[in-house]
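Converting from the sequence shown to my numbering requires adding 41 to each position, the first position being numbered 1. For glycine and all other residues, C-beta sits at the position ideal for the given N, C-alpha and C.
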Amino acid sequence: MAPGPWGRFVEHISGKLAFFPPRPPTYQVLEHLDGTGDLYLQPSTSDIPRVLHCDIKRLETKATKRGGHGGGSTIITAYVPYRWKSNHSSAKMTILYSHGNAVDLGQMLPVYREISKLLKVNVMGYDYSGYGCSSGDMPSVGHTLADISAVYQYMVQEMKLPPKSIILYGQSVGSGPTAFLGAQESEVAGVVLHSPLLSGIRVLSPGLKWWPAFADVYPNHLLVPKINAPTLVMHGTEDEVIHFSCGVKLHELCKNKVEPLWAEGFNHQNLEMCPQYLPTMESFIAAATQALLSLEEGAGQAAEGAVPSTV
């Protein structure tokens with residue numbers, strides 16, 4: 042948090058970035074009646090389909106001062122496994138998806154199921170503090186950083202997923218926590234920035250030449266150069282919310298950039314409808330999968346070499 046009056050200004054910028062959680066939430070979290078204690082998401086309206094075969098959890102987040110005070114919340118997560126002719130996931134890669142600012146998990150869960158099916162991946166989604174049925178009255182930058190950290194730690198420590206099997210995906214405002222985590226966790230398989238912010242102040246005042254780093258929020262332009270993982274930037278050329286130039290600049294700043302997707306004629310709301318979207322994602326996931334397989338093969342060979350021979 043920035044000191045003194047700057048702190049209040051940072052909170053003002055954070056609010057201007059527009060956290061718009063749907064009110065009321067588009068879903069309820071209910072408990073199955075089979076005695077297992079397992080949870081499920083029940084859509085609040087008939088126009089949102091219910092998604093079966095997903096694992097719903099409540100996670101506690103840790104208090105932090107990074108990006109402003111955050112943490113201490115209970116957030117809702119939804120794990121959507123890729124299902125192909127069995128009840129168990131057969132996918133190597135898992136996408137940790139941080140959604141945009143005006144939707145919640147109820148609206149996004151059908152999207153995650155479709156992503157899982159089309160891209161043959163598992164998807165982990167979550168609601169920020171103050172969104173959906175996650176606790177907290179007021180979303181904030183600090184909360185989102187604590188939220189994504191809690192989800193990632195759960196995936197690695199409780200689900201036992203190797204970091205090299207996790208792709209971080211941030212859409213719009215979700216690019217902020219995604220870039221933050223990508224800069225912190227050097228072993229993730231990849232990072233996808235979908236219509237990303239350059240930084241909070243640079244979206245609100247794109248003509249500004251200089252601004253103190255401590256008085257900005259989601260400073261992706263400072264975080265992206267610290268991301269070691271392969272990084273894919275996607276942006277619509279007609280984006281009416283976050284200017285296309287933000288994506289271009291972030292791509293230039295990437296340490297380990299891959300070929301970007303500049304969706305000609307597409308805007309902030311429909312980039313994923315671009316014909317190149319699925320092939321671009323498929324290629325990115327295939328490269329990450331191959332890197333993981335090579336790593337596993339190398340580890341297996343090393344283990345075999347370590348076994349002492351017998352006479």
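DSSP puts K98 in a beta bridge; with which residues?
Here residue 98 is taken as the residue at index 57 of the sequence shown, counted from 1. DSSP lists T118 as partners of K98.
Okay, do the segment 278 to 296 and the segment 188 to 202 touch, 3+ Cβ pairs below 8 Å being the bar?
These segments do not touch.
Relative to the C-alpha of L186, which candidate in L82, T219 and S87 has its C-alpha closest?
Residue numbering aside, residue 186 sits at position 145 when the sequence shown is read from its first letter. For L186, the nearest C-alpha among the options comes from T219.
How close, in whole Å, do the beta carbons of I207 and L137 come, if the pair is a contact with beta carbons under 8 Å?
The residue labelled residue 207 in the question sits at position 166 within the sequence shown. The residue labelled residue 137 in the question sits at position 96 within the sequence shown. Rounded, the Cβ-Cβ distance is 6 Å, consistent with contact.
Nearest to L80 by alpha carbon, out of G141, I117, P271 and S227?
Taking the first residue of the sequence shown as position 1, residue 80 is located at position 39. It is I117.
Who are Y167's beta bridge partners in DSSP?
For this step, residue 167 is matched to residue 126 along the sequence shown. BP columns for Y167 point to T118.
Only counting runs of 3 or more residues, tell me where the beta strand (DSSP E) segments fall wholly within the segment 160 to 207, in order along the chain.
The segment 160 to 207 contains these whole beta strand (DSSP E) runs: 163 to 167.
If you draw a straight line from the alpha carbon of K98 to that of A332, how long is it in whole angstroms?
Within the sequence shown, numbered from 1, the residue matching residue 98 stands at position 57. Within the sequence shown, numbered from 1, the residue matching residue 332 stands at position 291. Their Cα atoms are separated by approximately 30 Å.
Within the chosen definition, does the segment 173 to 183 reach the segment 291 to 309 through at least 3 CB pairs nearer than 8 Å?
No: fewer than three Cβ pairs fall under 8 Å.
Can V214 and I326 be called in contact, C-beta distance under 8 Å?
Taking the sequence shown and counting its residues from 1, one reaches residue 214 at position 173. Taking the sequence shown and counting its residues from 1, one reaches residue 326 at position 285. Result no, Cβ atoms of V214 and I326 do not sit closer than 8 Å.
What distance in whole Å lies between the Cβ atoms of L234 and T272, which are believed to be in contact at a cut-off of 8 Å?
Within the sequence shown, residue 272 is the residue found at index 231, counting from 1. Within the sequence shown, residue 234 is the residue found at index 193, counting from 1. The Cβ separation is near 7 Å, so the contact holds.
Pull up the DSSP beta-bridge partners for Q69, would you.
As a working note, residue 69 is residue 28 in the sequence shown. Q69 is bridged to Q83.
Which residue's Cα is closest to the Cα of G111: E228, S286, H262 and Y169?
Your numbering for residue 111 matches position 70 in the sequence shown. Of the listed residues, the one whose Cα sits closest to G111 is Y169.
Where does P260 land, buried or exposed, given buried means 16+ other C-beta within 10 angstroms?
Taking the sequence shown and counting its residues from 1, one reaches residue 260 at position 219. P260 comes out buried.
Can you give me the start and stop residues for the beta strand (DSSP E) that T219 sits inside?
Taking the sequence shown and counting its residues from 1, the one referred to as residue 219 is at position 178. No beta strand (DSSP E) holds T219; the alpha helix (DSSP H) holding it covers S216 to Q225.
Can you tell me where the beta strand (DSSP E) with V232 in it begins and where it stops?
Counting from one through the sequence shown, the residue named residue 232 turns up at place 191. Start and end: G231 to H235.
Return the chain-ordered list of same chain residues with a C-beta closer than 7 Å to the C-beta of K298, the five sequence neighbours on each side being excluded.
Here the question's residue 298 lines up with position 257 in the sequence shown. Correct list, in chain order: T272 and H292.
What are the start and end residues of the beta strand (DSSP E) that includes L273?
One-based indexing of the sequence shown puts residue 273 at position 232. Residues T272 to G277.
In the DSSP output, which residue or residues are listed as bridge partners for S139?
Residue numbering aside, residue 139 sits at position 98 when the sequence shown is read from its first letter. In the DSSP output, where bridge partners are listed per residue, S139 has G211.
Which value, in whole angstroms, describes the spacing of the CA atoms of P66 and Q83?
Reading the sequence shown from its first residue, position 25 is the one you call residue 66. Reading the sequence shown from its first residue, position 42 is the one you call residue 83. If I take the Cα positions, the gap works out to 11 Å.
With H, G and I counted as helix, E and B as strand and the rest as coil, what does DSSP make of G147?
Position 106 of the sequence shown holds residue 147. G147 falls in the helix class under three-state DSSP.
In terms of alpha-carbon separation, which member of P204, Q212 and S240 lies closest to E228?
As a working mapping, residue 228 is identified with position 187 in the sequence shown. Comparing Cα-Cα distances from E228 to each of P204, Q212 and S240, the minimum goes to P204.
Nearest-angstrom Cα distance between G177 and G166?
Stepping through the sequence shown from its first residue, residue 177 is reached at position 136. Stepping through the sequence shown from its first residue, residue 166 is reached at position 125. For G177 and G166, the distance between alpha carbons rounds to 18 Å.
Over what stretch of residues does the beta strand (DSSP E) that includes L302 continue unbroken?
Here residue 302 refers to the residue found at position 261 of the sequence shown. Counting along the chain, the beta strand (DSSP E) containing L302 begins and ends at L302 to A304.
Would you identify the three-state DSSP class for G111, choosing helix, strand or coil?
For this step, residue 111 is matched to residue 70 along the sequence shown. Three-state result, G111: strand.
Helix, strand or coil: how does DSSP classify T77 here?
Within the sequence shown, residue 77 is the residue found at index 36, counting from 1. Residue state, collapsed to three classes: coil.
Among E279, S286 and L294, which one has its Cα closest to the Cα of K37?
Limits of the chain in this structure are 42 at one end and 352 at the other, which puts residue 37 out of reach.
Can you tell me the Cα-Cα spacing of V282 and K103, whole angstroms?
On the sequence shown, position 241 is the one that residue 282 refers to. On the sequence shown, position 62 is the one that residue 103 refers to. One C-alpha to the other measures close to 32 Å.
Out of L159, P63, H262 and T321, which has the shortest C-alpha to C-alpha gap to C174?
Start at 1 with the first residue of the sequence shown, and residue 174 comes out as number 133. It is P63.
Any heavy atom of the ligand SAH closer than 7 Å to the beta-carbon of E293?
With respect to small molecules bound, the structure shown includes none, and the ligand SAH cannot be examined in it.
Please list the terminal residues of the continuous alpha helix (DSSP H) segment that includes K290.
Here residue 290 refers to the residue found at position 249 when the sequence shown is read from its first residue. It spans F285 to L294 - the alpha helix (DSSP H) in which K290 sits, taken as one unbroken run.
DSSP puts K298 in a beta bridge; with which residues?
Within the sequence shown, numbered from 1, the residue matching residue 298 stands at position 257. The partner list for K298 (beta bridge, DSSP) reads T272.
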